Amino acid sequence: MANHSKRKAIGRLIAQGVAAKRQATERMLYITEQQQATAQDLECLKTPPKNRTEAKKQLAVKLRLLKNGAMDLKSLQEIEVQAAIDLANANIRRFEDGSVDAVSTEKTPVNRKKWRGRTAD
């Protein structure tokens, strides 16, 4: 009897080892899939949204990254600043080539805007 229970115990240990190895492999695959998804999400955030639907998708991506801990608010702000710098550099190159007239792409400050309607000054 003792020999039979030892066989069962050894069989259980082997099965546990196989299951643990399978779980570790699945965990590694899940982690790599998450990293790929995170990289794709970060690339998605670099381009400005073209419409409201894309803006909503980007907001959902930002919230998911914040929730997962892949990003924090500071890194999101750094991405936005870097995107603005990249856009300015791209515009400078385009203006130097002469393909586009030199036009200021900076946003108009709120205090410079005037209401142009029925109650306009």
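Numbering (my numbering), first residue to last: 44 to 164.
Glycine residues also receive a C-beta, built at the ideal position from the N, C-alpha and C atoms.
Model, not experiment: these values are computed from the prediction.
Helix, strand or coil, according to DSSP, for Lys93 in the structure here?
Secondary structure of Lys93 (DSSP, three-state): coil.
Spell out whether any CB of chain D is found under 8 Å from the CB atom of Leu109.
Absent from the structure: chain D. Only one protein chain is present.
Looking only at its chain, what residues have a beta carbon closer than 8 Å to the beta carbon of Ala98, apart from the 5 residues adjacent to it on each side?
Pro92
For Met44, the three-state DSSP class (helix, strand or coil):
With a pLDDT of 49 at Met44, under the threshold of 50, the modelled position of that residue is not reliable, and the figure given next carries that caveat. In the displayed model, Met44 falls within coil according to three-state DSSP, outside both helix and strand.
Which whole-angstrom value describes the C-beta separation of Asp129 and Val104, a residue pair presumed to lie in contact below a C-beta threshold of 8 Å?
Going by Cβ atoms, the distance from Asp129 to Val104 rounds to 19 Å, so no, they are not a contact pair.
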